[in-house]
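Offset between the sequence shown (1-based) and this note's numbering: plus 3.
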Amino acid sequence: MCNLIFTRLDCDPPPITYNSNLVSLRMILYNISIIMEDSRHDQVVNWLKSHLRTSSYETTFLKMLDSPHEGHTYCIQFRAADDDAIVKFQEDVTAELQTYLMTHHGEKAFIFDSKMQYLSLE
């Protein structure tokens, strides 16, 4: 048995715990990493929290510890049943995030994304 534990930064303790046994192996984890300079940290994080709180999508918001990059790195994770759900999320959430960062933060913040498939340990 494998238990994955993620703590949401936008909630009060106790942290939200996800049991990996409950995740369908056909699901895809879509991850957006946001890297920002120190000077943009508060503005970007406040914007992210505000938008994720009101989003119709269930996401997890994480801060990367021990990032190899200068500044701060955060991740938004979304579990999707298929590629169509990811495309919809990209249209609704990722595109808005990209526009916000380009418009308000230029080269001081950027994102990259990745898709990961859940695998069985058996």
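Even glycine gets a Cβ: it sits at the ideal position worked out from N, Cα and C.
Find out if the Cβ-Cβ distance for the pair G74, I35 is shorter than 8 Å. In the sequence shown, the residue the question calls residue 74 occupies position 71. In the sequence shown, the residue the question calls residue 35 occupies position 32. Result no, Cβ atoms of G74 and I35 do not sit closer than 8 Å.
Output the distance between the C-alpha atoms of H54 and C78, rounded to the nearest integer angstrom. Here residue 54 refers to the residue found at position 51 when the sequence shown is read from its first residue. Here residue 78 refers to the residue found at position 75 when the sequence shown is read from its first residue. Going from the Cα of H54 to the Cα of C78 covers about 14 Å.
Suppose the cutoff is 7 Å on Cβ atoms and the five residues either side in sequence are ignored; what does the same chain contact list for M30 look like? As a working mapping, residue 30 is identified with position 27 in the sequence shown. Taken in chain order, the residues that qualify are R82, A83, A84, Y121.
Inspect the beta-carbon positions of R43 and H108 and report whether they are closer than 8 Å. To locate residue 43, count along the sequence shown from 1; it is residue 40. To locate residue 108, count along the sequence shown from 1; it is residue 105. Contact: yes.
Close Cβ partners of F115 (< 6 Å) along its chain, the five nearest in sequence each way excluded: In the sequence shown, residue 115 corresponds to position 112, counting from 1. S36, listed in sequence order.
CB contact flag (Q80, L65, <8 Å): As a first step, residue 80 must be located in the sequence shown, where it is residue number 77. As a first step, residue 65 must be located in the sequence shown, where it is residue number 62. Yes; because the gap between Cβ atoms is below 8 Å, this pair is in contact.
Measure the CB-CB distance between F92 and L104 and report whether it falls below 8 Å. The residue you call residue 92 lines up with position 89 of the sequence shown. The residue you call residue 104 lines up with position 101 of the sequence shown. No, they are not a contact pair.
Is E40 near K118, with beta carbons less than 8 Å apart? Working through the sequence shown from its first residue, we reach residue 40 at position 37. Working through the sequence shown from its first residue, we reach residue 118 at position 115. For E40 and K118, no; Cβs fall outside 8 Å.
Distance CB(Y126)-CB(V90) smaller than 8 Å: In this structure the chain extends from 4 to 125, so residue 126 is not present and cannot be described.
What is the rounded straight-line gap between the Cα of K52 and the Cα of T62? Working through the sequence shown from its first residue, we reach residue 52 at position 49. Working through the sequence shown from its first residue, we reach residue 62 at position 59. When rounded, the distance between both Cα atoms is 11 Å.
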